[in-house]
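K.L.:
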Amino acid sequence: MRIIDTLLKVDRRIIYLILAVVVILPLLLPSPQKVRVMPPVEKLFWAVDTIHEEKVLIMDFDYEPQTQPELEPMGLAILRHAFKKRIKVLVLSLYVQPLGLAKSAQDRITDEYNREAKTNADSIIYGRDYVFLGWQPPPLVPMLGMGESITEVYKSDYYGNKTDTLPLMKKIKNYNDAELLISLSGSSIPVSWVAYAQNRFGIRIGAGCTAVSASDFYPYLQTGQFTGLIVGMKGAAEYEEMLEAKLNVHKKRKASESLPSITYAHLVMIAFIIIGNIGYFVQRRRR
Amino acid sequence: MKRGLPLIFIFVFGIMAMLPFLIPHPYVQNTDQFLRNDFLRIIAAFALVLGLGSLLRVHYDKIKRRRENWEYSWVLIIAFVISAFIGLFGGVEGAGPLPTRIGSFHFDIQTIYMNIEVPLGSTMFSLLAFLMASAAYRAFRARSAEATLLLGAAFVVMLGILPLGDRISPHLPSFAQWIMNVPNVAGMRGIQFGVALGGLATALKIILGIERSWLGGGE
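Line by line, the protein sequences are chains W and B. Counted the way numbering that gives the first Met the number 0 counts, the first sequence spans residues 0 to 286. Counted the way numbering that gives the first Met the number 0 counts, the second sequence spans residues 0 to 218.
1) Compare the Cα-Cα distances from W/Y219 to each of B/G208, B/Q191 and B/S212 and report the closest residue.
2) My guess is that W/E63 and W/Q96 are in contact by the Cβ rule of under 8 Å, so how many angstroms apart are they, rounded?
3) I'd like to know if B/I160 contacts chain W, where contact means its C-beta is closer than 8 Å to some C-beta of that chain.
4) In the structure shown, what three-state DSSP assignment does B/H105 receive?
5) Does the distance from the CB of W/D156 to the CB of W/L132 come in under 8 Å?
6) So that I know if they touch, is there some Cβ in chain W lying closer than 8 Å to that of B/M113?
7) Mind reading off the beta-carbon distance from B/I206 to B/G13? Whole number of angstroms is fine, and I expect it under 8 Å.
8) On the DSSP letters alone, give me the boundaries of the beta strand (DSSP E) that W/A206 sits inside.
9) Hey, would you say B/S121 sits closer than 8 Å to W/P68, going by beta carbons?
10) By Cβ distance, which residues of its chain are closer than 8 Å to W/E243, with the 5 residues on each side in sequence left out?
11) Taking B/S53 as part of the beta strand (DSSP E), name the residues at either end of that continuous run.
12) Do you know whose CA, among W/S30, W/R1 and W/L6, lies nearest W/L258's CA?
13) I need the boundaries of the beta strand (DSSP E) containing B/I85, first residue and last residue.
14) Would you please verify whether the beta carbon of W/V47 is less than 8 Å from any beta carbon of chain B?
15) I'd like to confirm the pairing. Which residues does DSSP put opposite W/W134 in its beta bridges?
16) Below 8 Å between beta carbons: does that hold for W/G205 and W/M73?
17) CA-CA distance, W/E71 and W/L78?
18) Helix, strand or coil, according to DSSP, for W/S260 in the structure here?
19) By DSSP's criteria, W/A177 is part of a beta bridge. Which residues make up the other side?
20) Does W/A210 get closer than 8 Å to chain B when you measure Cβ to Cβ?
21) For W/T66, return the contacting residues in chain B, with the cut-off set at a CB-CB distance below 8 Å.
22) Identify which residue in W/L143, W/V267 and W/T109 has its Cα closest to the Cα of W/A196.
23) Less than 8 Å between CB atoms is the rule here; does B/P172 satisfy it with respect to chain W?
24) Could you give the distance in angstroms between the alpha-carbon of W/S122 and the alpha-carbon of W/E147?
25) Please report how far the alpha carbon of B/F155 lies from the alpha carbon of B/F174, in whole angstroms.
26) What in chain B is Cβ-close to W/G99, meaning under 7 Å?
27) Please classify B/R100: is it buried, with 16 or more other beta-carbons within 10 angstroms of its beta-carbon, or exposed?
28) Buried or exposed for B/R2, please, with buried defined as at least 16 other CB atoms from any protein chain shown within 10 angstroms of its CB.
29) Check whether the Cβ atoms of W/Q287 and B/N180 sit closer than 8 Å, and answer yes or no.
30) Find the nearest neighbour of B/L127 within the set W/L93, W/V230, W/V55 and W/V211, judged by alpha-carbon distance.
31) Let's see if you can read the secondary structure: which residues bound the alpha helix (DSSP H) around W/T226?
32) Across which residues does DSSP place W/R79 in a beta bridge pair?
Now the structure itself:
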């Protein structure tokens, strides 16, 4: 009984310390974990994989530093996938904060491919293979405007180039030339894409969200409004798994490496809840 | 006039925003395109300036009146002025007329963002895990049948989303997925319908001038 009382009165700093240890230790010794791929991620993977040669993939990077650890691995994995399959990509952000992270993700993946490229055709070239459209406020303007003309909404790209002079943009007019739009966000932005871009122009939408906000998105997945859904770090690890298994892409698996840390953190949480409940029932019986 | 004009604007533009979804006539569509691509962007630019001005005014006022934690307002104002100056004259990646590097030390906007804002933002959010752990330990109790059901579902979902869940039982991830796909969707859809209908009713009340609290004035 004394143990139960001691456990129930444990200082919160000890809880913090235990959690910090189980989160940090596995990150210091990274070992990617294998995961079973679930249908929502599998659907999105195949939706990207089957994009036609003449169509583009639009990627909306709308995560901020707060949600970067969960959402960035998704963005990196999807960009790797697209570039591996030579799918043309348009990148944008609806808000100003995620711009820096969107740029950093593109730079990292293009560098990765260009380091291994031997010819110009193998390389990932800006303006030919991908374009960073940047940010156009307010969000409603690009969401609806891109259904009519992308170059009218984004007259210049992130780097200040006139978009209608870029080789890729000469072939792309509006959503009709895009097969899929994937929105990575910690907020309800993917739902806004459905409400405005999909309902009015019919573009297919895929989403990547944080684990904590996943429950909001499942209704859209069930109705087919979302072509696929990546949920949290586990979802990103599933996408990495698919990429490795189906396309033989062996790169740093950021999400898979973080899974042990998440696993131990969840186990500690479960253990805390069980201990807390045992204590609660023991105290109740005593009364 | 002070209240009448905004009410007329909200009525006219509210109706005009709805029409393009209902009438495919080119006149309506072109007007909508103009309003969205030109008019809305100009308003957004004004709103941005207004927002930044308001932010600075609030913090200046806080410093002037020595309100609680007024010292932090200096941090905001100094960071604001420095980053605005570097951004305006140095460019996002140091392409502007202002030099943004001293030797190997860079201080362009992208470098500042990646090295200050990103770690600060991540730190703030990661603190949530510690608070959640502590709160779960102290408050997540099986006090009633509903709470026990919630607790059970939470355990299944938590274990099901982990690779460990698959090793415990290959059915666990599928069961977790079922919880998300069926009971969760049923509940969420009900909530979302309610929110959507509430939003629609509120929007109509604002457009028709029935709901006027947004005008302020405290009447």
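Ideal placement from N, C-alpha and C gives every residue a C-beta, glycine not left out.
P.N.:
Walking through what the data contain:
1) On the first sequence, position 220 is the one that residue 219 of chain W refers to. Among B/G208, B/Q191 and B/S212, the Cα nearest to that of W/Y219 belongs to B/Q191.
2) Start at 1 with the first residue of the first sequence, and residue 63 of chain W comes out as number 64. Start at 1 with the first residue of the first sequence, and residue 96 of chain W comes out as number 97. So it is a contact: roughly 5 Å between Cβ atoms.
3) Counting from one through the second sequence, the residue named residue 160 of chain B turns up at place 161. Closer than 8 Å: yes.
4) As a first step, residue 105 of chain B is located in the second sequence; it is residue number 106 there, counting from the start. Secondary structure of B/H105 (DSSP, three-state): strand.
5) As a first step, residue 156 of chain W must be located in the first sequence, where it is residue number 157. As a first step, residue 132 of chain W must be located in the first sequence, where it is residue number 133. In contact: W/D156 and W/L132 (Cβ atoms closer than 8 Å).
6) By 1-based counting over the second sequence, the position of residue 113 of chain B is 114. At least one chain W Cβ lies under 8 Å of B/M113.
7) Counting from 1 along the second sequence, the entry for residue 206 of chain B is found at position 207. Counting from 1 along the second sequence, the entry for residue 13 of chain B is found at position 14. Going by Cβ atoms, the distance from B/I206 to B/G13 rounds to 4 Å, so yes, they are a contact pair.
8) As a working note, residue 206 of chain W is residue 207 in the first sequence. Start and end: I204 to C208.
9) Residue mapping note: residue 121 of chain B aligns to position 122 of the second sequence, counting from 1. Residue mapping note: residue 68 of chain W aligns to position 69 of the first sequence, counting from 1. Contact: yes.
10) Translated into positions along the first sequence, residue 243 of chain W becomes position 244. So the list reads H249 and R252, once near-sequence residues are dropped.
11) On the second sequence, residue 53 of chain B is found 54 positions in, with the first residue counted as 1. Looking at the DSSP string, B/S53 is not in any beta strand (DSSP E); the run it does join, the alpha helix (DSSP H), is L39 to K63.
12) As a working note, residue 258 of chain W is residue 259 in the first sequence. Among W/S30, W/R1 and W/L6, the Cα nearest to that of W/L258 is on W/S30.
13) By 1-based counting over the second sequence, the position of residue 85 of chain B is 86. That residue, B/I85, is in no beta strand (DSSP E); its alpha helix (DSSP H) goes W69 to G89.
14) Indexing the first sequence from 1 puts residue 47 of chain W at position 48. False, the Cβ-Cβ gap to chain B never drops below 8 Å.
15) The count along the first sequence starts at 1 and reaches residue 134 of chain W at position 135. W/S92.
16) Counted from its first residue, the first sequence places residue 205 of chain W at position 206. Counted from its first residue, the first sequence places residue 73 of chain W at position 74. Result no, Cβ atoms of W/G205 and W/M73 do not sit closer than 8 Å.
17) Looking up residue 71 of chain W in the first sequence gives position 72. Looking up residue 78 of chain W in the first sequence gives position 79. The straight-line gap from Cα to Cα measures roughly 11 Å.
18) Position 261 of the first sequence, counting from 1, holds the residue named residue 260 of chain W. Reduced to three states, the DSSP call for W/S260 is helix.
19) Here the question's residue 177 of chain W lines up with position 178 in the first sequence. W/A177 is bridged to W/V55.
20) Position 211 of the first sequence holds residue 210 of chain W. So, interface residue.
21) If you number the first sequence from 1, residue 66 of chain W lands on position 67. Correct list: F124.
22) As a first step, residue 196 of chain W must be located in the first sequence, where it is residue number 197. Comparing Cα positions, the closest option is W/L143.
23) Along the second sequence, read from residue 1 onward, the residue named residue 172 of chain B stands at position 173. Yes, contact with chain W.
24) On the first sequence, residue 122 of chain W is found 123 positions in, with the first residue counted as 1. On the first sequence, residue 147 of chain W is found 148 positions in, with the first residue counted as 1. In a straight line, the C-alpha of W/S122 is about 31 Å away from that of W/E147.
25) Numbered from its first residue, the second sequence carries residue 155 of chain B at position 156. Numbered from its first residue, the second sequence carries residue 174 of chain B at position 175. Looking at the sequence itself, residue 155 of chain B is Val, so the reference to Phe does not match. Computed Cα separation, rounded: 8 Å.
26) Against the first sequence, residue 99 of chain W aligns to sequence position 100. Result: Q109, Y112 and M113.
27) As a position in the second sequence, residue 100 of chain B is number 101, starting the count at 1. By the neighbour-count rule (16 or more Cβ atoms within 10 Å), B/R100 is not buried but exposed.
28) Taking the first residue of the second sequence as position 1, residue 2 of chain B is located at position 3. Result: exposed.
29) Here chain W comprises residues numbered 0 to 286, so residue 287 of chain W is not present and cannot be evaluated.
30) The residue given as residue 127 of chain B occupies position 128 in the second sequence. B/L127 has its Cα closest to that of W/V211, out of W/L93, W/V230, W/V55 and W/V211.
31) Residue mapping note: residue 226 of chain W aligns to position 227 of the first sequence, counting from 1. W/T226 -> not in any alpha helix (DSSP H); beta strand (DSSP E) instead, spanning F225 to V230.
32) Residue mapping note: residue 79 of chain W aligns to position 80 of the first sequence, counting from 1. Within the DSSP bridge table, the entry for W/R79 names no partner.
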